[in-house]
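Residue numbers (my numbering): 748 to 1554.
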C-alpha cells in the first residue's frame, strides 16, 4: 500500500484529474441511460412468486396490469346526484386520455363492478370507486404517468366532492416523496460538526471532496447496474449512505492522524504515508469486510436482497478506490494547510504544534481505565435491557393505513375501510392450474370452499383460460393486509382449505397477493437471518483476530457487537411493533418489512466495522508502552473523539429521515440513528475499551517490549565521551547527551531542563531540531531558522554554543 500512496503523492494532480474526468463521464452516461429500478418484492421459488408468474403467463402482454382505485365521496348528499355524476364523468373522460392508462371503469355502469367483484357504490350511497387499469405492471410502474394521474384526479377535489387515490403505484409515489428541507438541515449540521472537528478549511475540503466523489461514483454505479440487474428502489439510498459514511469516516480518521503527525514536526509527505499506513489501512479493511459480507448476502438466495447486496458491494468497492488513491493525493496537495494558521505559525517557529489541553475525552478515558469492570457491566446490562423486546419482533408487510393522514393514499384507505371493508385494500390472488374439461366442477368447488373460509369476505373468478388450463380467482379478506388476521388467513388457505378442496382433482393451486408475498418474504428472511448475522459477525471476528492476533479479543468484541445489534432490533420492535413513544414520533404500529430491517443491519454493520478496526488498531499500539493501561487510556481519548465525531455526523443525517412523513423513512431514520448511537456511545466509548483494559493486550509478535527511556543525568554528573571512530548516529546521540548534561533543554521539548536558561549566565540554549549542517561538526545539524532565544544569545555573545568538533 505504501507504494500506491507514494505514487499518488508524486502524481497527485494527475490522480485528481483522472477522478474528475471519470466522475463526469460516469454521471453523463448514467443520466443518459437512466435508471430502471424494480418494485418486485417476490421471493424466488416461493409460492406467491409462482402465482404471480403464472398470472403473467395467461395475460396478453405476459404481465399482470396495475389496478389503481380513485375513491370519490360526496361531502354532502349522494354520489347519484346529477351534478356529482357529471363531474365524475368528466374526470373519467380526462383520465382515459392520459398516456399509460388502458381503461377506466365507470362506477355507474355494470362494468364498474368487474374489478371489485361487487358494487363500486357504498351501502349509504355517499362513496363510489373508479377503477383505473394501467399498462404497466405494479412492480414496474411509470412514476411520471402516476404522478400525472394523481394530480388529474386530485384536481376534482373540492368543497362538495372528495377525491382520493390509492393502489400499488400510488403507494410507490407517496413513499418516494421526500421533503428536502430536513435533509438539507441535517447536511448543514453535519458540515458544522465536521468544521468544528478538523477546524482547517483545507481539512474540511479534503473530507468533503473524498465523501462527495465516493457518493457520486456509488450512485452512478448503482444507476447503471439497475439496467442489468433487478435492483429495487431503495438501492440508491443504501449506496448513498454507505458511500458517504465509509468515505467520510475514512477521510476524517486519516486527516486526524495526519494532523497529529504534523503537529509533532513530521514532514507533510511522511505524515500522509504514516496516516495511510496506520489509520487508512484499518478503514480500508473495514470497507473490504463489508464487501465480503455483501457477496455472502447475495449467496443466501433471498432475491429481494440481491439488489441491496449489489448496491452495498458497489459502495464499498468505490470507497476503497477513493480512499486508497484520491485521499492521499488530496492530502499531499493540502500539505501543512491541514493545520490552522496558528498551528502552522507555532510549528514554523518552535518545531512543534500547539499544546492540547486534556478535556472531557481524556477524563472519560481515564475513568474507563480506572473502573473497567463497573462500566463494562453497566454497558452489558443496558444493551441487554434494550434487546429484550426483540422477542416480540413481527415481520411482515404494511399497507397505506400506516401513512400519515396528509397523504392521499391514507385518506383513500380510510374511506375504503369505513365505507366498504378493510380487506378491499389488499386482495389475495389464487391461481389454479391443471383445469381439465373432464372435471368441470373442480373450479366451482374450489371457489365455494374459498368463500366459506373464515376471514374471507368475497371470492370470484376473474379469468378462466381454457387454452392455458388455468383459472384466476381473487379473494378479498375481511381484515386489512397488515393485520395478523390476514396473515393467519393465508396460512389457513394454504394448510387446510385449498388442500381439502382440490383433493382428488388435477388442480394445482398457488396463493399470491400482497399479504402472501410479505409472508413468504418474512419466512425466508427469518430462516436466513441467523446465517446473515453469523456472516457479519464472522467477518468482524476474523478482522479483529488478524488485527489484534488474539482469540480472546475477537470473541469478546464479536459478542459485544452481537449484543449491540440485538439492542438496536429491540428498540425498533418497541417503537414500531409495541407502540412505545409511537404517538410522539407520529408512527402507527404494525409489522416491520424484512427488506427494511435488512437494510438497517447492513448499514449499521458497514459503518461500524471500519470504526471498530480503527479504534482497535490504535489501541493495539499500547501493548509495547512502558505503562500499557495509561497508553490505552491516552489513545482511547485521542481516537475516541474522532469516532464520536463521525457518529454525530451520521446521526445528524439519519435524524433528518425521521422527520419524513412516510413510515418507512421513519423506520429507517430511527433504526439507523439508534444503531449508530448505541454503536458509538455504548460500544466504542465504553464497552470495547473496557474489554481491552480487562483482557489486556499481547505484545506484537516478534517485537520485544520497548525499554523505558533512560532518565536525564543530573547537572555536573560525569559522562563518558564517545570515541572519534563511533558511528555517525552514535556520535549525534552523544552530542545530544552532552547538551543535556551541560544544562540544555530536551531536544524534543525545546525548554531548559533542570532550570537551565538562555539568559546571560544561565547555561546553553535549547538544542534545536536538526535542519541544516553545522560548520565544523560532522553529522551535526543546525536549524534553518534558529529560535529567537538563540539569536539573542549570539548577539550578546553570552551562552553561545561551542563550534569545536565533538571529541
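Backbone N, C-alpha and C fix where the C-beta goes; we use that ideal spot for every residue, glycine too.
Under 8 Å between C-beta atoms of residue i and residue j
i            : j            : result
residue 1401 : residue 1416 : yes
residue 1034 : residue 993  : yes
residue 1029 : residue 1392 : no
residue 1060 : residue 1345 : no
residue 1300 : residue 1127 : no
residue 1166 : residue 856  : no
residue 788  : residue 1350 : no
residue 1290 : residue 1036 : yes
residue 1282 : residue 1054 : no
residue 854  : residue 862  : no
Separation of residue j from residue i, as counted between CA atoms
i            : j            : result
residue 1557 : residue 1223 : The displayed coordinates of the chain run from 748 to 1554. Any statement about residue 1557 would go beyond what the structure contains.
residue 1531 : residue 1068 : With a pLDDT of only 47 at residue 1531, under the threshold of 50, the placement of this residue in the model should not be trusted, and no figure is reported.
residue 923  : residue 751  : 42 Å
residue 1555 : residue 1077 : The structure shown does not extend to residue 1555, since the chain is modelled only from 748 through 1554, so no value can be given for it.
residue 1202 : residue 911  : 27 Å
residue 1159 : residue 883  : 22 Å
residue 947  : residue 939  : 12 Å
residue 842  : residue 902  : 11 Å
residue 726  : residue 1086 : Since the first residue of the chain shown is 748 and the last is 1554, residue 726 is not available in this structure.
residue 1245 : residue 1200 : 10 Å
residue 1436 : residue 1119 : 8 Å
residue 1433 : residue 1271 : 36 Å
residue 975  : residue 1380 : 50 Å
residue 1347 : residue 1426 : 13 Å
residue 1221 : residue 951  : 59 Å
residue 955  : residue 1039 : 26 Å
residue 813  : residue 915  : 7 Å
residue 1031 : residue 1297 : 21 Å
residue 894  : residue 931  : 24 Å
Close beta carbons around residue i, own chain, < 6 Å, minus the five adjacent residues each side
i            : result
residue 1337 : 1145, 1149, 1229
residue 755  : 762, 1072, 1075, 1076
residue 1321 : 1136, 1327
residue 1316 : 1137
Residue-chain proximity (residue i, chain D), Cβ-Cβ < 8 Å
i           : result
residue 834 : Here chain D cannot be found, since the structure has a single protein chain.
Beta strand (DSSP E) segment containing residue i, residue limits
i            : result
residue 1220 : 1217-1224
residue 880  : 874-881
residue 1557 : In this structure the chain extends from 748 to 1554, so residue 1557 is not present and cannot be described.
residue 1184 : Premise fails: residue 1184 is in no beta strand (DSSP E) and is neither H nor E.
residue 1210 : 1203-1212
Beta-carbon proximity list for residue i, same chain, < 7 Å, skipping 5 on both sides
i            : result
residue 760  : none
residue 1151 : 1157, 1333, 1408
residue 1376 : 1116, 1440
residue 1162 : 818, 820, 874, 911
residue 1133 : 1314, 1317, 1318
residue 809  : 803
Continuous alpha helix (DSSP H) stretch holding residue i: start and end
i            : result
residue 1006 : 982-1010
residue 796  : 794-805
residue 1091 : 1088-1097
residue 850  : Counting along the chain, residue 850 falls outside any alpha helix (DSSP H), though it belongs to the beta strand (DSSP E) covering 848-852.
residue 780  : 759-780
residue 1060 : 1053-1068
residue 821  : No alpha helix (DSSP H) contains residue 821, which is instead part of the beta strand (DSSP E) from 814-821.
residue 1340 : Note, residue 1340: premise wrong, no alpha helix (DSSP H); not H, not E.
residue 1197 : 1189-1198
residue 1029 : 1028-1045
residue 841  : 829-843
residue 1239 : 1231-1239
residue 894  : 890-901
residue 1020 : 1015-1022
residue 1242 : First-last for residue 1242: undefined, no H or E at that position.
Same chain, Cβ closer than 8 Å to residue i, five either side skipped, listed in chain order
i            : result
residue 1309 : 1280, 1284
residue 1225 : 1168, 1169, 1170, 1202, 1203, 1204, 1232
residue 1325 : 1136, 1139, 1336
residue 1213 : 1182, 1184
residue 1238 : 1266
residue 834  : 903, 908
Cβ-heavy atom distance, residue i to the ligand GTP, below 7 Å
i            : result
residue 1015 : With respect to small molecules bound, the structure shown includes none, and the ligand GTP cannot be examined in it.
*At which residue ranges does the stretch 1360-1418 contain complete alpha helix (DSSP H) runs of 4 or more residues, listed in the order of the chain?*
Counting only runs of 4 or more, we get 1375-1405.
_beta strand (DSSP E) runs contained entirely in the stretch 1255-1338, provided each spans 3 or more residues_ = The stretch 1255-1338 is shown to contain whole beta strand (DSSP E) runs of 3 or more residues at 1255-1260, in chain order.
_Residue ranges of each alpha helix (DSSP H) within the stretch 1108-1172, 4 or longer_ = Taken in chain order, the unbroken stretches of alpha helix (DSSP H) that lie wholly in the stretch 1108-1172 and span 4 residues or more are 1119-1134, 1155-1166.
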